[in-house]
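Student: Please read through the structure below; I'll follow up with questions.
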Amino acid sequence: MALGRPATATAAVYYAPGDLRIEEVPLPPLGRGEMLVRIRACGLCPGEVMDWYMARKAPVPLGHEPVGEVVEAADGVAFRPGDRVFVHHHAPCLTCRVCRRGDFVHCATWRPRRLLPGGLATHAIVQAPAVAADVVRLPEGLSDDAATFVEPLACVVKSVRRARVREGDGVLVIGLGVMGLLHLHALRALSAPGLLLAADRVPERLDRGRAVADVVIDTSRVPLTDAVARATDRGVNVVIAGPGSVEAYEAGRQALAPGGTLVIFTPTPPDAVWPLRMHEVFFSETTIVPSYSAGPDDTREALRLLAGGLPVEPLITHRLPLEDAGQGYALVRAATSALKVVVRP
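Quick note, the sequence shown lines up with residues 1 to 345 if you use the UniProt record's numbering.
Right under this line is the structure:
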């Protein structure tokens, strides 16, 4: 172990809703291909307040949107101390048939955590598969705050790619939290939509959407399908459903024009059932596409967009120290004025 290297990391560990503990976690010696990073900043993910999703993992260290600085690198690592990096917490093998198809999240090596303990910590060990597959150096001109968006923006990049938006398509984004707003920005940057619509019911988020979308729908005042019908001839070509609810999925489906695509961006709890009207799905030729996480190609595209000046820093509403991470998650859970919360350990 290198002289002066920390033996433990201070980390945020989730035990149950409202039970987030700041603990000391051991940092074992590095294995071949691994490296130790000091976490400079980490964003909080809305998925980490989905209680049904977190319960099956608990207790679990939190944080998967980190910016790190390399402290120590083992043999076989191309990165050096002082390098500022983005680290993906999952990693595909890049060689199996699934990876060759580009379905990285379904690779057998994907699910095990590759960032120990996690991004909400003072330090973390990056395991060899992640070092090899999805760690990237950050350009000098990109701030730590902006770089915390690499992982969430990569998920959005994948979603937009799977939506297959064509030039002139009408696109509706349901939900204007940070991920919905990132979708609006990414759609403008990556495609050439015709009419861009956005829907939410929180006043602060609707105001944010007006700066990017052509039409903003307040669903607390008017039914979504009615508003879309008034704004379009036959509905939109693509809907990206942000909320993980059957109600959002169905409202999105009903807003589609024939031949349209519904992208499901957030999962429902395991026991949720969506009673689809298959007669309508068939004759309208509706495409339903889930989009889960992101692979190495998506993180690199996200980094390109961020380095090119995609305006993400205005989405940061709160910056907190590690000891206040619990307060940060409470803000994310409330889903009102808070958008992106960034923690600096």
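Ideal Cβ positions, reconstructed from N, Cα and C, are used throughout, including at glycine.
In this text the structure is predicted, and so the values were computed from the model without any measurement.
Please identify the residue among Leu44, Glu72, Ala73, Val77 whose C-alpha is closest to the C-alpha of His64.
Tutor: Within the sequence shown, numbered from 1, the residue matching residue 64 stands at position 64. The candidate whose alpha carbon is nearest that of His64 is Leu44.
Student: Leaving out five residues on either side along the sequence, give the residues of the same chain with a beta carbon under 7 Å from the beta carbon of Gln254.
Tutor: Against the sequence shown, residue 254 aligns to sequence position 254. Only Thr225 meet the Cβ criterion.
Student: Quick check on DSSP: helix, strand or coil for Arg319?
Tutor: Residue mapping note: residue 319 aligns to position 319 of the sequence shown, counting from 1. In the structure shown, Arg319 sits in a strand (DSSP, three-state: E or B).
Student: Please determine if the stretch 161-178 and the stretch 224-242 are in contact, where contact requires at least 3 C-beta pairs separated by less than 8 Å.
Tutor: In short, these stretches touch, since the Cβ pair count reaches three.
Student: Figure out for me which residue from Pro193, Gly194, Phe86 has the closest Cα to the Cα of Ser143.
Tutor: Here the question's residue 143 lines up with position 143 in the sequence shown. Checked all of Pro193, Gly194, Phe86; the closest Cα to Ser143 is Phe86.
Student: Assuming Asp328 contacts Val343 under a Cβ cut-off of 8 Å, what Cβ separation, rounded to an integer in Å, is found between them?
Tutor: Your numbering for residue 328 matches position 328 in the sequence shown. Your numbering for residue 343 matches position 343 in the sequence shown. Rather than Asp, the amino acid found at residue 328 in this sequence is Gly. The pair is a contact, with the Cβ atoms about 6 Å apart (cut-off 8 Å).
Student: State the start and end residues of the unbroken alpha helix (DSSP H) segment that holds Cys155.
Tutor: For the purposes of this step, residue 155 is identified with residue 155 of the sequence shown, where counting begins at 1. Start and end: 150-163.
Student: Mark Val71 as exposed unless 16 or more other C-beta atoms lie within 10 angstroms of its C-beta, in which case mark it buried.
Tutor: Locating residue 71 in the sequence shown gives position 71, counting from the first residue. Answer is buried; the Cβ neighbour count reaches 16.
Student: Which same chain residues end up closer than 8 Å to Ala307 when comparing Cβ atoms and leaving out the 5 residues on each side of it in sequence?
Tutor: Taking the first residue of the sequence shown as position 1, residue 307 is located at position 307. Closer than 8 Å at the Cβ level, and outside the excluded window around Ala307, lie Pro139, Gly141, Leu142.
Student: Return yes when the Cβ of Ser291 is within less than 8 Å of the Cβ of Ser159, no when it is not.
Tutor: On the sequence shown, residue 159 is found 159 positions in, with the first residue counted as 1. On the sequence shown, residue 291 is found 291 positions in, with the first residue counted as 1. Yes, the pair counts as a contact, with Cβ atoms nearer than the cut-off.
Student: List the endpoints of the continuous alpha helix (DSSP H) containing Met54.
Tutor: Residue 54 sits at position 54 when you count from the first residue of the sequence shown. Taken as a continuous stretch (DSSP letters only), the alpha helix (DSSP H) holding Met54 covers 51-55.
Student: To the nearest angstrom, how far is the alpha carbon of Gly326 from that of Pro66?
Tutor: For the purposes of this step, residue 326 is taken as the residue at position 326 of the sequence shown. For the purposes of this step, residue 66 is taken as the residue at position 66 of the sequence shown. Spanning the two alpha carbons is a distance of roughly 17 Å.
Student: Does the contact criterion of 3 or more C-beta pairs under 8 Å hold for the stretch 23-42 versus the stretch 109-121?
Tutor: Contact holds: three or more Cβ-Cβ distances are below 8 Å.
Student: Which of the three DSSP states is assigned to Arg40 in this structure?
Tutor: On the sequence shown, position 40 is the one that residue 40 refers to. Correct three-state label for Arg40: strand.
Student: Among the candidates Arg38, Met35, Ala7, Glu34, whose CA atom is the shortest distance from the CA of Leu27?
Tutor: Within the sequence shown, residue 27 is the residue found at index 27, counting from 1. Nearest C-alpha to Leu27: Ala7.
Student: Would Met35 and Val98 qualify as a contact pair, given that the criterion is a beta-carbon distance under 8 Å?
Tutor: Working through the sequence shown from its first residue, we reach residue 35 at position 35. Working through the sequence shown from its first residue, we reach residue 98 at position 98. Their beta carbons are not under 8 Å apart, which means Met35 does not touch Val98 by this criterion.
Student: Is DSSP giving Ala78 helix, strand or coil here?
Tutor: Taking the sequence shown and counting its residues from 1, the one referred to as residue 78 is at position 78. The answer is coil: DSSP assigns Ala78 none of H, G, I, E or B.
Student: Alpha carbon to alpha carbon, how far is Val212 from Lys57?
Tutor: As a working note, residue 212 is residue 212 in the sequence shown. As a working note, residue 57 is residue 57 in the sequence shown. Each residue's alpha carbon lies about 36 Å from the other.
Student: What does the Cβ neighbour count give for Thr266, buried or exposed, with the cut at 16 atoms within 10 Å?
Tutor: One-based indexing of the sequence shown puts residue 266 at position 266. When all chains shown are included, Thr266 counts as buried.
Student: What residue range does the beta strand (DSSP E) around residue 346 cover?
Tutor: Given that the chain is displayed from residue 1 to residue 345, the structure contains no residue 346 and the question cannot be resolved.
Student: Looking at the strands, I want to know which residues DSSP matches up with Ala198.
Tutor: The residue you call residue 198 lines up with position 198 of the sequence shown. Answer is Val173, Val216.
Student: According to DSSP, which residues form a beta bridge with Tyr14?
Tutor: Start at 1 with the first residue of the sequence shown, and residue 14 comes out as number 14. Bridge partners of Tyr14: Leu20, Val60.
Student: First and last residue of the beta strand (DSSP E) that includes Val273?
Tutor: In the sequence shown, the residue the question calls residue 273 occupies position 273. Per DSSP, Val273 belongs to no beta strand (DSSP E) and is neither H nor E.
Student: With distances taken Cα to Cα, identify the nearest neighbour of Val273 among Gly260, Glu250, Glu167.
Tutor: As a position in the sequence shown, residue 273 is number 273, starting the count at 1. Closest by alpha carbon: Glu250.
Student: Please classify Leu306: does DSSP put it in a helix, a strand, or coil?
Tutor: Here the question's residue 306 lines up with position 306 in the sequence shown. The answer is helix: DSSP assigns Leu306 an H, G or I state.
Student: Just to check my reading of the structure: Pro258 and Arg234 have Cβ atoms closer than 8 Å, yes? What is that Cβ distance to the nearest angstrom?
Tutor: Taking the sequence shown and counting its residues from 1, the one referred to as residue 258 is at position 258. Taking the sequence shown and counting its residues from 1, the one referred to as residue 234 is at position 234. Confirmed, Cβ separation roughly 7 Å.
Student: For Val222, which of helix, strand or coil comes out of DSSP?
Tutor: On the sequence shown, position 222 is the one that residue 222 refers to. Looking at Val222 - three-state DSSP - the assignment turns out to be coil, as it is neither helix nor strand.
Student: Can you give the Cα-Cα distance for His88 and Arg333, rounded to whole angstroms?
Tutor: Position 88 of the sequence shown, counting from 1, holds the residue named residue 88. Position 333 of the sequence shown, counting from 1, holds the residue named residue 333. When rounded, the distance between both Cα atoms is 24 Å.
Student: Taking contact to mean at least 3 C-beta pairs separated by less than 8 Å, is the stretch 145-165 in contact with the stretch 291-301?
Tutor: Result yes; three or more Cβ-Cβ pairs closer than 8 Å.
Student: Exposed or buried, what is Phe104 when buried is set at 16 or more other beta-carbons lying within 10 Å of its beta-carbon?
Tutor: Taking the sequence shown and counting its residues from 1, one reaches residue 104 at position 104. By the 10 Å Cβ count, Phe104 comes out buried.
Student: Could you compute how far the alpha carbon of Glu23 sits from the alpha carbon of Ala12?
Tutor: Looking up residue 23 in the sequence shown gives position 23. Looking up residue 12 in the sequence shown gives position 12. Looking at the two C-alpha atoms, the distance is approximately 6 Å.
Student: DSSP three-state call for Val178: helix, strand or coil?
Tutor: One-based indexing of the sequence shown puts residue 178 at position 178. Three-state result, Val178: helix.
Student: I'd like to check one pair, Pro92 with Ala133: are the Cβ atoms closer than 8 Å?
Tutor: Numbered from its first residue, the sequence shown carries residue 133 at position 133. Numbered from its first residue, the sequence shown carries residue 92 at position 92. For Ala133 and Pro92, yes; Cβs fall inside 8 Å.
Student: Hey, could you find the ends of the alpha helix (DSSP H) Gly252 is sitting in?
Tutor: Here residue 252 corresponds to residue number 252 of the sequence shown, with the count starting at 1. Run containing Gly252: 246-254, per the alpha helix (DSSP H) assignment.
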